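What follows is a set of notes on a single structure, which appears directly below.
Protein chains: 2
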Amino acid sequence: MPRRLPTVSDVAELAGVSRQTVSNVLNSPAIVREPTRERVEAAIAELGYRPHASARRLRTQRASTIAVRLDPFAGGISGAVLDRFLHALVERGEQRGLSVMLYTAADAEDEIRQFRRLADGAAVDAFVLASTYHGDPRTEWLIEHGQAFVTFGRPWGIADLADPKHFWVDVDGRVGVREAVEQLRSRGARAVGFIGWPSGSGTGDERRAGWVEAMRAAGFDSERLATMGAAAPEGVASGREAALRLLAAEPRIDALVAASDTLALGALIATGGRLPVVGFDNTPVAEAVGFSSVDQRVDEVAAAALDLLEAVGRAESAGAEGHRLIAPRVIMREHGPVLDLVR
Amino acid sequence: MPRRLPTVSDVAELAGVSRQTVSNVLNSPAIVREPTRERVEAAIAELGYRPHASARRLRTQRASTIAVRLDPFAGGISGAVLDRFLHALVERGEQRGLSVMLYTAADAEDEIRQFRRLADGAAVDAFVLASTYHGDPRTEWLIEHGQAFVTFGRPWGIADLADPKHFWVDVDGRVGVREAVEQLRSRGARAVGFIGWPSGSGTGDERRAGWVEAMRAAGFDSERLATMGAAAPEGVASGREAALRLLAAEPRIDALVAASDTLALGALIATGGRLPVVGFDNTPVAEAVGFSSVDQRVDEVAAAALDLLEAVGRAESAGAEGHRLIAPRVIMREHGPVLDLVR
DNA sequence: TTGTATGCGTTATCAG
DNA sequence: CTGATAACGCATACAA
């Protein structure tokens, strides 16, 4: 029996005040006198009253809801990062009175149709995109139609980075890898190798750059580094082979950093766990197997994304930065020989 | 510049009819004359009009939104099933004009607080719970407060199964495992072993029962079966050890079924891929590694869950079954020696 | 078949 | 500081 929900009127009647006073207690408690407020609050508690979400949205003209796309291929070893991000977004959103609604889309065109559906119906007042690419039609559409949005991942177009209309938050992979190298060296490693993705992906190139920076600072020249870095497509087997190649070419390598936990796992298997390996994403796999990894701090990312959305709400007047780079955190773990695990 | 959204009045004016007629075109197209309807539809298209979600919700007194909890530990090898379920739920929900909203909760008590927040605010008109246990305080609370909900997973209490107030949909693990065994045998296997979880979990016991049924039907007696089934806690290493134990005790075993892909992966590693192994959940891991698995058909589960919610909406009068058992589907894959993959 | 009037629950405006 | 009144956009009962 879904009992009829109490309304402001019910509260007002019980407290012996007008509806408006109840509304004030809720929205601007400061302007209502102490004893009155207490009486109203008691009535609210007694009735278990909550503002009716739809009524409030209709009146305020804001949905207080953000939409996030749920990818079809949620699985996989790295999909967990998006899962964690989504979780953080929901949690931080709730603290700010924001709901998270999901939608799905088969492709970019389909997604734009969803934008239209959700925006034109005023069901949502902002979108969060989890990954974008150069010339992404989705961000173009959103900008063109004045739709509030923020992306997790910086735009990779040359000029887009500074586009004041494109709000984004990203994790600084370069810094993360640099710190991973430094931590490895501070723990005794000297020659730290790197396994990254083939160049061309912005994310991957940044991570590799972090390795180069750190190793340069440690006195390694370009020639030397050329034999210490490998490119491999995402995959455990691929990572394993890259590690084997690397160690064959440069046996003095005594530690490895990889652009992903997947590659790192491959490297770990290749070396039998005898070399320290640092992955990227700090996935459950890294945690379970027990190897080090660079954590993206999705919680901070989510908070920053919501900050930016609030800012875009307060018009473009803010003038503040339209983006935020989060420094990741290196999680160091001591791991034993990995063969125990798979044999 | 979020242009002002068109309303029914705008459409009515453009089409030269009253607001009511527009509303009729939208909600009961049958009762409006052909030419009028076309004129209104043209106006709708021209303005890009969409009903204002909040206004409609306020008026109709239904949120057209269901809430799903997003687990904190989304990762893991089997978390992917819930991900896929969620994806299916969003997709099927959209077809029925339902939105999916997320919430998080640290524990059952916290979750009940969320129920209260979302229900009392009329933000949501039903909940979907992804897993329940015996004496679950959440379902008790929901029933007690007349909140519409459906669970993915049957209630494991003795009397709860038939409780007409508890709507649930589940996958028939018993049938799934039985069919897996039959398929293995039809492909030449004779002695099919089983690796399941320690007894006590309803889900696990059902899966084991399916194996027993199939093997009994194939002529194996209890005594024989006792040496062909093993219990192991969830985990790759655990599955591997169980498989080794099993094969040592009963070398004639020529195929294995496991209660999860995790256990199956362990078994696969133990046997070096020389024995056919069937897992459960058809996770990305099974797909990637290439071993057989029982697929939960989350898409059907999602559709059934929404069906049930619609039914509960139409009061308890329906009298129809308050639950649905989905038959899973066995996905057979030929796999080669697995050592190539991990070494 | 179409139009008119009313209210869903909330908040904003403005008068007291 | 408090209370009356209007309006957000839509859908329904009822009248035309």
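Quick note, the sequences are listed as chains F and A, same order.
Take the first sequence: its letter number 292 is residue 292 in the numbering used here, and every next letter is one higher.
Take the second sequence: its letter number 219 is residue 219 in the numbering used here, and every next letter is one higher.
For each residue, glycine too, the CB sits at the ideal point set by N, CA and C.
Predicted, not measured: the structure shown is a model, and the values here were computed from it.
Cutoff 7 Å; reference residue i; Cβ partners in own chain excluding five residues on either side
i                     : result
residue 77 (chain A)  : Interpretation of residue 77 (chain A) is limited by its pLDDT of 49, a score under 50 that renders its predicted location unreliable; the figure taken from the coordinates is listed afterwards. Excluding residues within five positions, the ones whose Cβ falls inside 7 Å are 261, 262, 283, 285.
residue 186 (chain A) : none
residue 33 (chain A)  : none
residue 51 (chain F)  : 26
residue 302 (chain F) : 85, 88, 89, 92
residue 237 (chain F) : 266
Chain-ordered chain A contacts of residue i [CB-CB under 8 Å]
i                     : result
residue 348 (chain F) : As displayed, chain F neither begins before 1 nor continues past 343, which places residue 348 (chain F) out of reach and without an answer.
residue 333 (chain F) : Residues of chain A passing the Cβ test: none, with the nearest at roughly 16 Å.
residue 281 (chain F) : None at all; the shortest Cβ gap to chain A is about 10 Å.
residue 126 (chain F) : Residues of chain A passing the Cβ test: none, with the nearest at roughly 11 Å.
8 Å contact criterion, which residue i and residue j should meet: CB distance rounded
i                     : j                     : result
residue 249 (chain F) : residue 258 (chain F) : About 17 Å; that fails the 8 Å criterion.
residue 294 (chain A) : residue 278 (chain A) : 7 Å
residue 120 (chain A) : residue 62 (chain A)  : So it is not a contact: roughly 15 Å between Cβ atoms.
residue 189 (chain A) : residue 242 (chain A) : That belief does not hold up - the Cβ atoms of residue 189 (chain A) and residue 242 (chain A) are roughly 18 Å apart, past 8 Å.
residue 300 (chain A) : residue 326 (chain A) : 5 Å
residue 102 (chain A) : residue 100 (chain F) : 5 Å
residue 123 (chain A) : residue 53 (chain F)  : 4 Å
residue 118 (chain F) : residue 306 (chain F) : Rounded, the Cβ-Cβ distance is 18 Å, inconsistent with contact.
residue 165 (chain A) : residue 143 (chain A) : 5 Å
8 Å Cβ cut-off: residues of chain F touching residue i
i                     : result
residue 104 (chain A) : 87, 90, 91, 94
residue 100 (chain A) : 101, 102
residue 63 (chain A)  : 53, 54
Chain F contact residues for residue i, given Cβ-Cβ distances below 7 Å
i                     : result
residue 70 (chain A)  : 86, 87, 90
residue 172 (chain A) : Under the 7 Å cutoff, chain F gives no residues; its nearest Cβ is about 23 Å from residue 172 (chain A).
residue 205 (chain A) : Ordered by position in chain F, no residue passes the 7 Å Cβ test against residue 205 (chain A), which lies about 26 Å from the chain.
residue 45 (chain A)  : Under the 7 Å cutoff, chain F gives no residues; its nearest Cβ is about 12 Å from residue 45 (chain A).
residue 209 (chain A) : Ordered by position in chain F, no residue passes the 7 Å Cβ test against residue 209 (chain A), which lies about 28 Å from the chain.
residue 311 (chain A) : The contacting residues do not exist; residue 311 (chain A) stays about 15 Å from chain F at best.
Partners in chain A for residue i, counting only beta-carbon separations shorter than 7 Å
i                     : result
residue 299 (chain F) : Correct list: empty, because the minimum Cβ distance to chain A is about 11 Å.
residue 57 (chain F)  : 54
residue 307 (chain F) : By Cβ distance, chain A contributes nothing, its closest Cβ being about 19 Å from residue 307 (chain F), past 7 Å.
residue 327 (chain F) : Within chain A, no residue comes near residue 327 (chain F); the closest Cβ sits about 23 Å away, beyond 7 Å.
residue 302 (chain F) : Within 7 Å Cβ-Cβ: nothing; residue 302 (chain F) doesn't reach chain A, min ~12 Å.
Chain-order list of residues whose beta-carbon lies under 6 Å from that of residue i (same chain, five-residue window excluded)
i                     : result
residue 244 (chain F) : 270
residue 317 (chain F) : Any reading at residue 317 (chain F) needs caution, since the residue's pLDDT is 49, under 50, leaving its predicted position unreliable; the model's value is listed next. Cβ neighbours of residue 317 (chain F) beyond the five flanking positions: none.
residue 252 (chain F) : 191
residue 6 (chain F)   : 47, 49
residue 298 (chain F) : 84, 85, 88
residue 304 (chain F) : 169, 324
residue 175 (chain A) : 327
residue 22 (chain A)  : 8, 11, 12, 40
residue 240 (chain A) : 266, 269, 270
residue 193 (chain F) : 228, 246, 253, 256
Own chain partners of residue i with C-beta closer than 8 Å, once the 5 adjacent residues on each side are dropped
i                     : result
residue 199 (chain F) : 205, 208, 231
residue 138 (chain A) : 108, 111, 112, 115, 129, 132
residue 24 (chain A)  : 31, 32
residue 182 (chain A) : 214
residue 281 (chain A) : 78, 80, 81, 260, 261, 293, 294, 295, 296
residue 72 (chain A)  : 104, 106
Neighbour list for residue i in chain A, Cβ cutoff strictly below 9 Å
i                     : result
residue 181 (chain F) : Under the 9 Å cutoff, chain A gives no residues; its nearest Cβ is about 26 Å from residue 181 (chain F).
residue 10 (chain F)  : Residues of chain A passing the Cβ test: none, with the nearest at roughly 13 Å.
residue 267 (chain F) : Within 9 Å Cβ-Cβ: nothing; residue 267 (chain F) doesn't reach chain A, min ~13 Å.
residue 136 (chain F) : Ordered by position in chain A, no residue passes the 9 Å Cβ test against residue 136 (chain F), which lies about 21 Å from the chain.
residue 42 (chain F)  : Here the premise fails: no neighbours, minimum Cβ distance about 17 Å.
Listed by chain order, chain F residues near residue i by CB distance under 9 Å
i                     : result
residue 295 (chain A) : Per Cβ cutoff of 9 Å: no residues; residue 295 (chain A) is ~13 Å from chain F at best.
residue 163 (chain A) : None at all; the shortest Cβ gap to chain F is about 17 Å.
residue 130 (chain A) : Neighbours of residue 130 (chain A) on chain F: none; closest Cβ ~14 Å, over 9 Å.
residue 286 (chain A) : By Cβ distance, chain F contributes nothing, its closest Cβ being about 10 Å from residue 286 (chain A), past 9 Å.
Cβ-heavy atom distance, residue i to the ligand SAM, below 7 Å
i                     : result
residue 173 (chain A) : Although the ligand SAM was asked about, the structure shown includes no ligands whatsoever.
Between the stretch 106-117 of chain A and chain F, which residues of the former have a C-beta closer than 9 Å to a C-beta of the latter?
114, 116, 117
Three or more C-beta pairs under 8 Å: does that hold for the stretch 12-19 of chain F against the stretch 38-51 of chain F?
yes
Three or more C-beta pairs closer than 8 Å, one from the stretch 19-37 of chain F and one from the stretch 55-64 of chain F: is that the case here?
no
Are the stretch 145-153 of chain A and the stretch 169-184 of chain A touching, with three or more C-beta to C-beta distances below 8 Å?
yes
Just by C-beta distance, which residues in the stretch 220-245 of chain F are closer than 7 Å to chain A?
237
Output, in sequence order along the chain, the residues in the stretch 245-265 of chain F whose CB is closer than 8 Å to any CB in chain A.
none
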